[in-house]
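Chemist:
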Amino acid sequence: MHWGTRTAASSERWREARPSLINNRLATEHIEGQLCLECKEKVAVVKCKDCLPKQYTCIKCDCAIHCTQVFHNRSTMISGFHKAVPPTTVVKQDSDGQYFHHHEDRILPMALPNSICSCGEEKYSVGKARSITVINMKATNKGRNKIRRKMNEERKKLSSSIEQHNALVDPSFKVVSIEEVLQNDFVFPWQLTEQDDVNLLTKKKVFDKVMLIQRLEEEQTVLVQEAKQHWLYLRSQEHKLNSLLDTIISGVNPWNLPDDGIQGLQCVLNRKLHELRAHQDTVKTSYQAIDTITEHITVEECEYPNWLEPSEVLYSSSNDLSSDEDDAFLL
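Heads up: the sequence shown begins at 5 in this note's numbering, then just goes up one per residue.
#1: Let me know the beta strand (DSSP E) ranges lying completely inside the segment 46-127, each 3 residues or longer, listed in chain order.
#2: Compare the Cα-Cα distances from K87 to each of E279, E223, Q292 and H283 and report the closest residue.
#3: In the DSSP output, which residue or residues are listed as bridge partners for L39?
#4: When DSSP labels each residue in this structure, what does P175 get in the three-state scheme?
#5: May I have the straight-line CA-CA distance separating S228 from R275, to the nearest angstrom?
#6: Give me the Cα-Cα distance between D264 and I253, rounded to the nearest whole angstrom.
#7: Using 10 angstroms around the beta-carbon of C43, count the other beta-carbons present and answer buried if the total reaches 16, otherwise exposed.
#8: Relative to the C-alpha of Y60, which residue among A48, C67, H70 and A68 is closest?
#9: I need the DSSP call for E307, collapsed to helix, strand or coil.
#10: What first and last residue would you give for the alpha helix (DSSP H) that runs through V272?
#11: Is R78 buried or exposed, if buried means 16 or more other CB atoms sit within 10 Å of its CB?
#12: Measure the C-alpha to C-alpha separation of F75 and C55 and round it to an integer number of angstroms.
#13: Between which two residues does the alpha helix (DSSP H) containing I26 stretch?
#14: With 16 as the cutoff for other CB atoms within 10 Å, does E33 come out buried or exposed?
#15: Going by C-alpha distance, which of G268, K64 and E183 is nearest N28?
#16: Please classify H6 as buried or exposed, where buried requires at least 16 neighbouring CB atoms within 10 angstroms.
#17: Helix, strand or coil for E229? Go by DSSP, reduced to three states.
#18: Answer with buried or exposed for M155, where buried requires no fewer than 16 other C-beta atoms within 10 angstroms of its C-beta.
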């Protein structure tokens, strides 16, 4: 079969399969009330992607399993959507029956010794100590070695230049060592002037400080404008998500999705809105610490009288970040 024919056939099959793939992806985000797959008695509130096939557990079973399996990929369902939680977060229930997240210390899983020094098996215990941060990443020293190799090469070039300089000048103008050159207050012999008491290095430092102040004053205006644009953009994203949620809640389905797909889309939008508002709180706290920014952001600037329709928002082909994010969680 010709390559062009195969490409056209593959694209056609993808267009046919894409609606069902999107619907299946959205359906997995829907929160369905079901019993715990371990005890089969209480309502499941936690989903663990590593505890297959029994991935839905209640409060008690979740604590019993994941007090040792602390690195499992868990998410809670008490907020109306799947929310990924760290190993130290568990679900609790208050006297009114309301669920909430609670911090609980975990012991790092590790192999215990058969004996410690001369103590017997019953003369020591394992307890919680200071907290640690576990970072799961694959890193090498390749970049660090590259920088170190470059520094050694530049150091050799500097040493060679110093030797050439010392061979051509009088002993009073010779440079003693590389360490002396690398000091901040070092002044080269040719930078000293007989007419002026201030050497060239001091003048350079003063000039750099003056230019730094001027650059800061120029960048202050740019920073304030970018902060305003960032804050208004976050507000616009919140309004778009609220508009989409209102469209779904009112029963309008402009995307012709099945019921399970619509319910999953609603859960996804709720999670996006929750994450966006948490990000807004963080940004607001950071900006409030800067008086120059907060005094330029007014309430009137956060009002948007004209908005795109919900269907236009979902199918917008602009370069807006929202379209990229929507495609990301839909695909």
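Just so it is clear, CB atoms sit at the ideal spot from N, CA and C, and this is done for glycine as well.
Modeler: So, to answer that:
#1: 50-52, 78-80, 93-97 and 103-107
#2: E279
#3: V47
#4: P175: helix per DSSP, three-state reduction.
#5: Here residue 228 is Val; the residue named in the question, Ser, does not match the sequence. Distance between the alpha carbons of V228 and R275: 30 Å.
#6: The straight-line gap from Cα to Cα measures roughly 14 Å.
#7: Exposed: under 16 other Cβ atoms inside 10 Å.
#8: A48
#9: Here E307 scores only 47 on pLDDT, less than 50, and its place in the model should not be relied on; the value that follows carries that caveat. Coil at E307, not helix or strand.
#10: D263 to Q292
#11: buried
#12: 11 Å
#13: Its alpha helix (DSSP H) spans residues W7 to A31.
#14: Answer is buried; the Cβ neighbour count reaches 16.
#15: G268
#16: exposed
#17: Here residue 229 is Gln; the residue named in the question, Glu, does not match the sequence. If DSSP states are grouped into helix, strand and coil, Q229 belongs with the helices.
#18: exposed
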